[in-house]
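Novice: For what it's worth, the numbering used here labels the leading residue of the sequence shown as -3, then goes sequentially. Attaching a single structure in structure tokens format; questions to follow.
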Amino acid sequence: MREPDAAAALPQDQEPFAVAQALIESRQNISPRHLVEPGPSKEQLDAMLSLAASAPDHGQLTPWRFVLVPTEQRHRLAEVFAASLVDRDPGATEAQVADAREKAHRAPLLLVAIASLGSREPDTPALERMVSMGAAIQNLLLGAHAMGFGTGLTSGRAMTSPHLRRLCGLDDGEVAVCCVNVGTVAKRKVASRVRPAATEILSVLGPESRPGGA
Ligand SMILES: Cc1cc2nc3c(=O)[nH]c(=O)nc-3n(C[C@H](O)[C@H](O)[C@H](O)COP(=O)(O)O)c2cc1C
């Protein structure tokens, strides 16, 4: 366990909201094929993980973890991607299987994000644990972005394959959610996705209508 950093108060010399807004709004998903070396150092990865660990966590279960797949082990992930494709589609062509394998070798840093949704004490609902997982991932993405790296999430049907479960040593209650890819951006989208406006994501609860009332 890690004690909260007493110095982690918001910076006094900058407008915190402006900093947060610039950071959050400038993050964009980068395809792993556009993420190149250098990736984060060990110290940078540790710092990113400590941001993940600051996610809201009802019941303090830490209902998630990450598995780092280092470069020298990527061939094992590649075999998992290939095997899960062949399981789904025994008629997959050699080129399709090679493409599945190649996906494991793209970004300099690859983490598999894993959520713990099985029986735990306290029994925080699985939905809330997934919210915590999402917040942990987002904290990590924003930390990497603040360090100047690009990030991209990848998932797909291989996430639920028994091959990936074995590779990552998943318990019965655990699920692999996605891969978190981090590296130096070689190419980015010119424009970010158009994000929904506040009016599209907010409704206001009005007064209760009285039965028979106007
Ligand atoms: C759990 C999760 C898994 C994702 N998996 C993929 C994926 O496999 N392929 C993909 O193109 N986008 C995937 N995305 C979406 C991108 O990460 C990204 O959010 C989306 O393209 C919108 O771009 P933006 O983040 O720049 O707004 C995933 C998102 C989440 C939350």
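For every residue, glycine included, the Cβ atom is placed at its ideal position computed from N, Cα and C.
What is the rounded straight-line gap between the Cα of residue 133 and the Cα of residue 168?
Specialist: To locate residue 133, count along the sequence shown from 1; it is residue 137. To locate residue 168, count along the sequence shown from 1; it is residue 172. Their Cα atoms are separated by approximately 22 Å.
Novice: What residues in its chain sit with their C-beta under 7 Å from that of residue 101, if we drop five residues either side in the sequence?
Specialist: Residue mapping note: residue 101 aligns to position 105 of the sequence shown, counting from 1. So the list reads 70 and 74, once near-sequence residues are dropped.
Novice: What span of residues does the alpha helix (DSSP H) with residue 137 cover, start to end?
Specialist: As a first step, residue 137 is located in the sequence shown; it is residue number 141 there, counting from the start. 122 to 142 is the extent of the alpha helix (DSSP H) around residue 137.
Novice: Use the C-beta contact count for residue 19: other C-beta atoms within 10 angstroms, 16 or more gives buried, fewer gives exposed.
Specialist: As a working note, residue 19 is residue 23 in the sequence shown. It is exposed - the Cβ of residue 19 has fewer than 16 other Cβ atoms within 10 Å.
Novice: Can you tell which of 147, 172, 208 and 96 has its C-alpha closest to the C-alpha of residue 185?
Specialist: If you number the sequence shown from 1, residue 185 lands on position 189. Here the closest residue by C-alpha is 147.
Novice: Start and end of the beta strand (DSSP E) containing residue 57?
Specialist: Position 61 of the sequence shown, counted from the start, is the residue given in the question as residue 57. Neither: residue 57 is in no beta strand (DSSP E) and is coded neither H nor E.
Novice: Using three-state DSSP, classify residue 2 as helix, strand or coil.
Specialist: Your numbering for residue 2 matches position 6 in the sequence shown. Because residue 2 sits at a pLDDT of 49, beneath the cut-off of 50, its placement in the model cannot be relied upon, and the point is left open.
Novice: Closer than 7 Å to a non-hydrogen atom of ligand 1 - does that hold for the CB of residue 150?
Specialist: Taking the sequence shown and counting its residues from 1, one reaches residue 150 at position 154. Checking the Cβ of residue 150 against ligand 1 gives yes.
Novice: Return the chain-ordered list of same chain residues with a C-beta closer than 7 Å to the C-beta of residue 153, the five sequence neighbours on each side being excluded.
Specialist: As a position in the sequence shown, residue 153 is number 157, starting the count at 1. Excluding residues within five positions, the ones whose Cβ falls inside 7 Å are 80 and 84.
Novice: Could you compute how far the alpha carbon of residue 177 sits from the alpha carbon of residue 191?
Specialist: As a first step, residue 177 must be located in the sequence shown, where it is residue number 181. As a first step, residue 191 must be located in the sequence shown, where it is residue number 195. Distance between the alpha carbons of residue 177 and residue 191 is about 22 Å.
Novice: Start and end of the alpha helix (DSSP H) containing residue 73?
Specialist: Walking along the sequence shown from the start, residue 73 turns up at place 77. Per DSSP, residue 73 belongs to the alpha helix (DSSP H) from 70 to 84.
Novice: Tell me the start and end of each unbroken beta strand (DSSP E) in the stretch 162 to 196 that is at least 3 residues and wholly inside, in chain order.
Specialist: Within the stretch 162 to 196, the complete beta strand (DSSP E) runs of at least 3 residues are 170 to 181.
Novice: Could you pull the start and end residues of the beta strand (DSSP E) that residue 111 belongs to?
Specialist: Along the sequence shown, read from residue 1 onward, the residue named residue 111 stands at position 115. Segment 105 to 112, the beta strand (DSSP E) holding residue 111.
Novice: When the Cα atoms are used, what is the spatial distance from residue 35 to residue 123?
Specialist: Translated into the one-based positions of the sequence shown, residue 35 becomes position 39. Translated into the one-based positions of the sequence shown, residue 123 becomes position 127. So the alpha carbons of these two residues sit roughly 32 Å apart.
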